[in-house]
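Enquirer:
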Amino acid sequence: MVSSARWLAVLRLAAVSLPGTLAAATPPPPLPAERISVQQLPPSSHHWVYVFDDAFANEIDMRVHLYDGDHYRRLGQIDAGYYSSFNLSPDGATTVVATTYFARGSRGTRTDVVEFTDNHTLAVTGEIVLPPKRAQTLPTPFNLAYSADARLLYVSYVTPAASFGVLDPVKKTVLGEIDTAGCVLVIPSGAYRVSSICESGRLLTVTLDAAGKELARAMSEPFFDADRDPVFVQGIPTARGYAFMSFLGKMHEIDFSGEQPRISAPWSLVTAENQGVWRPGAQQVGAIHIASGRLYVPMHKGGEGTHKDGGTEIWVFDMATHQRVARWPMATQGLTRIIAVQVSQDAAPVLFAATDSAQLAVLDPRDGHIRHVEKHFGQTPWQMLIP
Amino acid sequence: MVSSARWLAVLRLAAVSLPGTLAAATPPPPLPAERISVQQLPPSSHHWVYVFDDAFANEIDMRVHLYDGDHYRRLGQIDAGYYSSFNLSPDGATTVVATTYFARGSRGTRTDVVEFTDNHTLAVTGEIVLPPKRAQTLPTPFNLAYSADARLLYVSYVTPAASFGVLDPVKKTVLGEIDTAGCVLVIPSGAYRVSSICESGRLLTVTLDAAGKELARAMSEPFFDADRDPVFVQGIPTARGYAFMSFLGKMHEIDFSGEQPRISAPWSLVTAENQGVWRPGAQQVGAIHIASGRLYVPMHKGGEGTHKDGGTEIWVFDMATHQRVARWPMATQGLTRIIAVQVSQDAAPVLFAATDSAQLAVLDPRDGHIRHVEKHFGQTPWQMLIP
Amino acid sequence: MGPLDRLFEESSRQLARRTSRRSVLATLGRLLTGAALLPLLPIDRGNRALAGEPAPKADNPESCEYWKYCAIDGYLCSCCGGTSTACPPGTAPSPISWVGTCHNPADGRDYMVSYNDCCGKTTCGTCDCTRSEGERPMYRPSRNNDLNWCMANADANYHCTVSVILGVAEK
Amino acid sequence: MGPLDRLFEESSRQLARRTSRRSVLATLGRLLTGAALLPLLPIDRGNRALAGEPAPKADNPESCEYWKYCAIDGYLCSCCGGTSTACPPGTAPSPISWVGTCHNPADGRDYMVSYNDCCGKTTCGTCDCTRSEGERPMYRPSRNNDLNWCMANADANYHCTVSVILGVAEK
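Residue numbers (numbering that gives the first Met the number 0), protein chains in the order written: chain A, 0 to 386; chain B, 0 to 386; chain C, 0 to 170; chain D, 0 to 170.
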């Protein structure tokens with residue numbers, strides 16, 4: 000494949016451009032022809048994070064990026080369609096995306112669907128077509144959620160009447176629909192309970208059988224006041240359930256391990272004099288490293304209406320003592336407002352922070368030191384999940 | 000609707016907050032309830048420009064923006080789907096978009112379609128489903144083009160075998176497909192001729208009957224050398240046809256008014272010593288104000304491979320004398336590289352320039368003075384058309 | 000059975016048993032728009048803290064600071080070919096909406112404002128505006144701006160948002 | 000009849016009459032990839048002017064300056080979960096491609112490089128890279144990087160681009 004004239008040309012070039020080297024030495028052999036392949040993912044790591052890009056200026060093209068928090072590399076992409084929601088299966092092997100397609104991009108026949116992606120190949124392996132009722136809303140962990148044993152999958156419906164769909168993720172079928180009397184979202188627990196949040200500040204908990212039929216339902220006592228201090232619906236996983244933070248910084252911890260949710264007395268992230276001055280605000284408002292009991296919250300100074308503004312600082316709390324243990328300004332480290340946080344659950348965890356200028360930062364959760372920043376990580380990275 | 004207590008509150012507020020005014024004066028009546036409407040476009044203006052956003056980071060969401068070059072306002076949007084092409088009907092009343100949709104956003108059944116939008120209502124009024132052969136390529140005026148009498152519509156196919164579809168835009172049907180022997184694009188002329196550009200540097204011209212059937216075909220002499228100095232396929236409308244600019248800045252004017260294209264001897268935009276040093280480069284490489292014979296070209300200093308880099312300057316030429324009459328640096332006026340230019344055809348024309356940082360600038364075509372700049376005009380505004 | 004019928008059926012069959020009257024009214028309210036909505040909807044006055052501050056672009060409908068936009072989260076139709084009350088050409092307003100209570104510094108009054116999405120084209124992408132004063136999570140849909148309010152339109156794609164005065168907010 | 004059959008039929012029936020032999024070969028060449036493509040394709044040496052200049056990131060496959068990317072226009076798969084020769088997980092390489100002739104400063108040779116698109120997911124959106132050395136408009140498709148080379152894939156959506164050495168470019 001290489002002519003002798005070509006060899007001479009290479010020698011001549013070497014003689015001219017590399018005068019200090021042994022121009023007469025045998026040149027290296029040419030690079031061999033390459034073959035195209037498809038990248039295989041290595042075994043998964045605790046430090047891989049699934050980052051949802053809401054693509055706010057191009058909402059028919061949302062996507063989930065898989066990112067390696069140790070090697071600072073994108074690992075792949077899962078497409079997510081229009082105004083979608085995503086979640087991970089309990090074993091971390093599957094990503095589920097609930098989304099909507101229109102036959103003509105932004106127009107025409109609407110198809111609501113849940114798509115299943117194999118997290119090892121990042122290929123779509125199946126789908127369930129839904130009735131056109133899917134709740135098209137911003138990310139929460141409760142738009143779409145598996146039962147603990149992964150036998151059922153729940154999907155929120157808002158038409159705007161509220162209900163939820165019960166799906167069989169194995170047989171890829173719709174099992175049924177449960178009316179939620181105006182309460183919204185699907186907070187899964189046990190086998191098989193689904194709690195929804197009501198405007199009255201209560202939780203509605205519906206108990207299902209294995210076929211997804213309703214067996215019972217019950218209402219909790221109210222635990223928040225939607226007028227005075229509403230809770231964010233972006234619940235934060237805890238050891239025995241979820242914590243719901245309020246706009247003013249109250250933490251409502253709820254134990255979902257029993258037949259009915261058990262709601263603890265709230266505690267506050269802010270001192271009395273700072274109430275209404277410093278507050279949490281983001282699209283994903285907190286993350287807890289469960290083993291160490293560390294809670295990470297994007298906080299900012301701002302009034303009513305700023306609950307989506309993003310944090311200028313990350314505050315760290317001890318879930319056992321309710322004490323603030325650290326406070327990390329972010330602007331001094333080059334980050335704009337923190338719009339989402341997530342932390343891995345292993346013994347040497349990494350903290351991820353996404354900002355309102357689409358930075359994705361990898362931080363040391365012990366001291367807030369920034370290890371790495373990706374710029375332009377999509378348009379609007381608003382939610383991060385780690386299996 | 001307004002209680003007397005409310006009136007008193009307003010009076011009290013006025014008394015407190017406006018101490019210098021006549022606090023006791025009658026307060027103005029409250030603003031009336033408003034009604035939602037849908038904006039109607041005013042009669043069209045010569046200074047309205049249709050700007051194609053390739054949405055290069057979200058290619059399933061391309062769109063065309065209609066922009067008013069006098070009042071510096073967006074007038075509306077036409078969605079354009081995936082890797083699409085667009086054009087205007089000869090009377091300017093219709094926008095046609097040739098695009099592709101997938102049943103699952105980025106996957107699934109592919110539907111190629113031409114969509115018709117009423118330019119007064121910006122509503123889609125009809126479509127023609129195509130065979131899945133549409134040329135998915137970057138903007139040119141010849142991906143999709145009407146016959147002069149608007150009775151036929153031609154659409155380029157590349158599978159990669161090259162051909163074109165002949166459509167009836169009135170009855171919204173596909174009339175047929177014409178093989179182009181490897182030559183590409185649809186340059187319309189007369190009733191009914193379609194010329195395509197061949198790798199050999201020739202034009203293939205196919206003559207059709209009114210039903211879109213081939214009557215004859217002919218090959219021109221070669222007018223460029225694709226090895227030594229290829230022409231851009233973004234032809235520029237002239238008084239009697241189109242001009243094709245070469246990578247090194249040669250202007251090939253072609254008269255399409257007769258039975259066969261008549262190709263003039265080329266002339267050069269650059270002096271001999273600047274050849275290969277300064278060169279045209281953009282996605283839309285030139286625009287001519289036909290009445291005055293002024294040609295506007297984004298030019299930059301660069302070598303082989305920089306033909307898409309965008310201009311650091313706009314050079315102005317007289318089409319009659321072939322002389323450069325002006326040279327306008329753009330960086331000093333705050334613009335990044337010019338990636339597309341267009342000029343209106345009226346007696347008091349406006350010049351539009353789009354940049355590689357998605358600026359859209361409105362310029363005075365007499366002196367290059369920038370009248371207005373829109374920032375973040377989509378992601379990648381790469382083509383502009385004016386009826 | 001359309002969503003409205005279904006909702007009414009639910010109301011009579013289940014909702015009334017399990018939720019407060021106020022919640023039912025809010026749920027009904029979000030299916031309506033225009034002045035008829037007014038008596039049904041809860042009123043929020045939480046955003047008066049800033050009323051004494053200067054309002055720099057409060058009278059410019061192409062600015063996020065425009066007084067009517069106090070509870071918006073989306074793209075301003077004023078920048079997209081529409082106005083503060085008109086959808087851009089070729090889009091359709093949503094018949095359902097959320098509401099806000101906004102202070103108009105020009106006359107010192109608080110107004111109820113309905114935010115309707117304009118639907119049927121992809122995201123406008125210009126004049127992104129998030130203020131969310133008095134906004135509430137989706138368990139109070141009548142005050143929630145996260146939901147796609149184009150959800151019930153024939154073409155449910157979100158393009159931009161208009162704001163429509165319903166009337167003076169009752170104290 | 001698939002596009003390949005159709006193309007061959009066209010070749011024998013019409014193409015040979017109207018276009019040069021070289022054009023026919025190029026047309027055939029663009030349907031193939033890998034080393035078999037090499038003898039069929041024209042070679043471009045127009046981009047040697049910069050060979051003597053320093054090549055700052057010529058050995059980093061995540062940089063647009065990487066030597067193999069001389070005729071690319073798109074997103075680098077190296078930044079999207081793939082490598083310079085591997086498509087990201089869940090995407091499929093295009094069987095058709097365009098080619099470039101790139102100078103490798105490490106061994107002083109010019110190589111023929113095939114650029115294949117990876118297909119089936121929406122645009123990667125990171126590491127945008129346009130160099131286009133020796134690139135030609137779509138009338139020479141074998142050298143054109145404007146076309147969607149995913150066009151013939153089952154899922155024809157463009158995601159990113161890989162670059163594959165075919166062999167040393169013949170002088």
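Where is the CB? At the ideal position from N, CA and C, for every residue including glycine.
Helix, strand or coil for A271/B per DSSP?
Expert: A271/B falls in the helix class under three-state DSSP.
Enquirer: Find the residues of chain A that neighbour L146/D, judging by a C-beta separation of less than 9 Å, and give them in chain order.
Expert: Per Cβ cutoff of 9 Å: no residues; L146/D is ~18 Å from chain A at best.
Enquirer: With distances taken from CA atoms, which of G133/D, D127/D, R139/D and W148/D is nearest N57/B?
Expert: Selected option, being the one with the closest Cα: D127/D.
Enquirer: Would you kindly check if the distance between the Cβ of N144/C and the Cβ of I171/C is under 9 Å?
Expert: Because residue 171/C is not part of the residues shown, which for chain C are 0 to 170, the question remains open.
Enquirer: Quick check on the burial criterion: 16 or more other C-beta atoms within 10 angstroms. Buried or exposed for R216/B?
Expert: By the neighbour-count rule (16 or more Cβ atoms within 10 Å), R216/B is buried.
Enquirer: What residues from chain D crowd round S36/A, counting only those whose CB sits closer than 7 Å?
Expert: Those are T84 and A85, listed as they occur along chain D.
Enquirer: For a cutoff of 9 Å on Cβ pairs, would you count T110/B as touching chain A?
Expert: Yes, because at least one Cβ of chain A sits closer than 9 Å to the Cβ of T110/B.
Enquirer: Where P187/A and I235/A are concerned, what is the direct C-alpha to C-alpha distance, given to the nearest angstrom?
Expert: Going from the Cα of P187/A to the Cα of I235/A covers about 13 Å.
Enquirer: By the 10 Å Cβ neighbour count, where 16 or more other Cβ atoms means buried, how is S263/B classified, buried or exposed?
Expert: Under this definition S263/B is an exposed residue.
Enquirer: Going along chain B, which residues have a C-beta under 9 Å from D117/A?
Expert: Near D117/A there are no residues of chain B at all, since even the closest Cβ is about 14 Å away, more than 9 Å.
Enquirer: Using a Cβ-Cβ cutoff of less than 8 Å, which residues in the same chain neighbour A180/A once the five nearest sequence positions on both sides are dropped?
Expert: Here the set comprises A161, C197 and L203.
Enquirer: Can you confirm whether L166/D, when its beta carbon is compared against all beta carbons of chain A, has any partner nearer than 9 Å?
Expert: It is worth fixing the name first, because residue 166/D is Gly in this sequence and not Leu. For G166/D, the answer is yes, since a Cβ of chain A falls inside 9 Å of its Cβ.
Enquirer: Which chain B residues are close to C78/C, counting only those with a beta carbon under 7 Å from its beta carbon?
Expert: Simply R73.
Enquirer: Residues of chain A with CB under 7 Å from Y82/B, in chain order?
Expert: By Cβ distance, chain A contributes nothing, its closest Cβ being about 12 Å from Y82/B, past 7 Å.
Enquirer: Going residue by residue through the segment 303 to 360 of chain A, where are the continuous alpha helix (DSSP H) segments of at least 4 residues, counting only ones entirely within it?
Expert: Runs found: none.
Enquirer: How would you label G333/A, buried or exposed, when you count the other beta carbons within 10 angstroms and need 16 or more for buried?
Expert: Counting Cβ neighbours within 10 Å, G333/A comes out exposed, since fewer than 16 surround it.
Enquirer: Taking just the CA atoms, how far does S62/C sit from Y114/C?
Expert: Spanning the two alpha carbons is a distance of roughly 16 Å.
Enquirer: Out of D53/B, P31/B, P29/B and L30/B, which has the shortest C-alpha to C-alpha gap to I338/B?
Expert: Considering only alpha carbons, the answer is D53/B.
Enquirer: Closer than 7 Å by beta-carbon distance: list the chain A residues that pair up with Y65/D, in chain order.
Expert: Those do not exist, as Y65/D stays about 13 Å from chain A at its closest Cβ, beyond 7 Å.
Enquirer: Contact between the segment 132 to 151 of chain D and the segment 129 to 136 of chain B is defined here as three or more beta-carbon pairs at a separation below 8 Å; is this criterion met?
Expert: In short, these stretches touch, since the Cβ pair count reaches three.
Enquirer: Measuring CA to CA, which of T139/B, S343/B, E312/B and A347/B is closest to T331/B?
Expert: The option with the nearest alpha carbon to T331/B is E312/B.
Enquirer: When the Cα atoms are used, what is the spatial distance from C118/D to P87/D?
Expert: When rounded, the distance between both Cα atoms is 9 Å.
Enquirer: Tell me whether the beta-carbon of F394/A lies closer than 9 Å to the beta-carbon of F246/A.
Expert: This structure leaves residue 394/A out entirely; chain A is present only between 0 and 386.
Enquirer: Which residues of chain A have a Cβ atom closer than 8 Å to the Cβ of N115/D, listed in chain order?
Expert: Chain A residues near N115/D: I35.
Enquirer: When the Cβ atoms of the segment 281 to 299 of chain B are set against those of the segment 337 to 354 of chain B, are three or more pairs found closer than 8 Å?
Expert: Because the criterion of three Cβ pairs below 8 Å is met, the segment 281 to 299 of chain B and the segment 337 to 354 of chain B touch.
Enquirer: Throw me the rounded Cβ distance for the D117/B and G104/A pair, which I believe falls under 8 Å.
Expert: 18 Å between Cβ atoms; not a contact.
Enquirer: Taking the beta strand (DSSP E) that D117/A belongs to, which residues open and close that run?
Expert: Here the beta strand (DSSP E) through D117/A covers R106 to D117.
Enquirer: Against chain A, with Cβ distances strictly below 9 Å, would A91/D count as a contact?
Expert: Taking Cβ atoms only, chain A reaches closer than 9 Å to A91/D, which makes this a yes.
Enquirer: To which residues does DSSP link F246/B through a beta bridge?
Expert: Partner(s): none; F246/B has no beta bridge.
Enquirer: Can you tell me whether DSSP reads S194/B as helix, strand or coil?
Expert: Residue state, collapsed to three classes: strand.
Enquirer: Whose Cβ in chain A lies nearer than 7 Å to the Cβ of Y110/D?
Expert: Per Cβ cutoff of 7 Å: L30.
Enquirer: Do D106/D and T100/D have their beta-carbon atoms positioned less than 9 Å apart in this structure?
Expert: Contact flag unset, no.
Enquirer: List the endpoints of the continuous beta strand (DSSP E) containing I289/A.
Expert: Run containing I289/A: none; DSSP gives neither H nor E here.
Enquirer: Per DSSP, what kind of secondary structure is I369/A in: helix, strand or coil?
Expert: Note: I369/A maps to strand in three-state DSSP.
Enquirer: Using only the heavy atoms of the ligand MN, determine whether one of them is closer than 8 Å to the beta carbon of V50/B.
Expert: Only the bare structure without any ligand can be found here, which leaves the ligand MN out of the picture.
Enquirer: Check the Cβ of T160/C against every Cβ in chain B and list those closer than 8 Å, keeping chain order.
Expert: None at all; the shortest Cβ gap to chain B is about 11 Å.
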